[in-house]
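A short worksheet on the structure shown next.
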Amino acid sequence: MSGLIVDSPEAKQLFTRASGLDGTGGDERLKRIVQRITTDLCRTVEEFDVTPTEFWTAVGYLTRLGQANEAGLLVAGSGVEHFLDLLVDEKERQAGLAGGTPRTIEGPLWLADAPLSKGEARLDQDPEQGTVLFMEGQVRDADGTPIPGAIVDVWHANTKGGYSHFDPLQSPYNLRRRIETDGDGRYRFRSILPSGYGCPPDGPTQELLNHLGRHGQRPAHIHFFVEAPGHRKLTTQINIAGDKFLHDDFAFATRDGLIPEVVRHGDPAEITQRGLNQPFMTIKFDFALNREAENLPEAVVLREHAKAA
Ligand code: BEZ
Ligand code: FE
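Just so it is clear: in the sequence shown, position 55 is 56 by this note's numbering, and no numbers are missing.
Have a look at this one:
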């Protein structure tokens, strides 16, 4: 016996009953998970001598977190979303999978059904004083064969770090597109360089981060889902090199292999050729998808998403 109340026969019976494990109905796996979480929570309360006032403060906090629709932010900021990536990486490694573009977190700001086009797209539809960005590359499988007809779903923030749909000042689907790769597996798009995202300063996620002595900032980044039949869906992001928060992302999403070179083009002839009147940036980035196979962890993750009106 540990001497802790949480390990007493009475507490154990309480957690068994509360999780439904003493009955026959319901989902056995869920029951065992609920029992574990309840027991671990109560162990933390007992071992840290959490006072009732502290406990109910936390309950109130979680209520406000849900009301503010920030659960997805806290999951990212707590590092748990990145941890889920580490788990899938390890399962894939054990299954002998290697060579694909690294995955990284999805985050809570994707929107379904972005406009679809073939080969290329322009993402920025709202007028903004941003630096023009041209990004292009190829989608290939792990042995280098181009994949025509792959879907590159791309989304990113504007120059203020805001995402359309969540930011009422942007038009629907601004900076969100789906691009079908051409016959050579190529995609390309024009957009503007994004700024990094910051948690709402008065929201519950930032409130907790303040108590932890942490900031709630992300480096500038561009999100991608890349999908093709017979291949594992890739969820990833690229980071914009040079950002102050590049290796200090509150959501822990920066990974080796996801920081392409950003090339600045200031030559007047090149600027004119592109129909612009200011220097612009280019990024080249190829995606490598692994083939789908049995006994691999799921690559298509089902989670609740915001829905366009
Ligand atoms: C983002 O992609 O910008 C993001 C990711 C995690 C939490 C909040 C925002
Ligand atoms: Fe983002």
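C-beta atoms are modelled at their ideal positions from N, C-alpha and C, and glycine is treated no differently.
Contact between the stretch 73-87 and the stretch 238-256 is present: three or more C-beta pairs spanning the two stretches fall below 8 Å.
Spatial neighbours of Asp23 in its own chain (CB-CB distance under 7 Å, excluding positions within 5 residues in sequence) are listed in chain order as Thr17. For the options Leu194, Ala151, Gly217, the alpha carbon positioned closest to that of Val140 is the one of Ala151. The DSSP-derived three-state label of Gln218 is strand. Segment contact: the stretch 211-224 against the stretch 238-249, three or more CB-CB distances shorter than 8 Å; contact assigned. In the structure shown, the three-state DSSP call for Phe56 is helix. In the same chain as Val46, and ignoring 5 residues on each side of it, the C-beta atoms closer than 7 Å to its own belong to Phe56, in chain order. Proximity to Leu87 across Pro103, Gly97, Asp185, Val301 peaks at Pro103, based on C-alpha coordinates. Within the same chain, Tyr174, Arg177, Arg178, Arg179 come within 6 Å of Ala115 by CB-CB distance, once the 5 residues on both sides are set aside. One Cα belongs to Arg215, the other to Gln207, and the distance between them is close to 9 Å. Annotated three-state conformation of Arg275 is coil, per DSSP. Straight-line measurement puts the Cα of Asp144 at about 46 Å from the Cα of Asn211.
Nearest C-alpha to Gln218 among Gly197, Arg233, Gly204: Gly197. Of the candidates Asp183, Ser20, Asp127, Asp127 places its Cα closest to the Cα of Asp168. The C-alpha of Ala122 lies about 30 Å from the C-alpha of Ala99.
Here the stretch 229-239 makes contact with the stretch 289-301; the two share three or more CB pairs at distances below 8 Å. Here Asp142 really is in contact with Ala289; their C-beta atoms are around 7 Å apart, less than 8 Å.
With a cut-off of 8 Å, the C-beta of Ala99 is classified as distant from the ligand FE, since no heavy atom of the ligand falls inside that distance. Straight across, the Cα-Cα distance linking Arg187 with Gly120 is about 6 Å. At a Cβ-Cβ threshold of 9 Å, Gln171 and Gly162 do not count as neighbours. By the Cβ neighbour-count rule, Ala310 is exposed, with fewer than 16 other Cβ atoms within 10 Å of its own.
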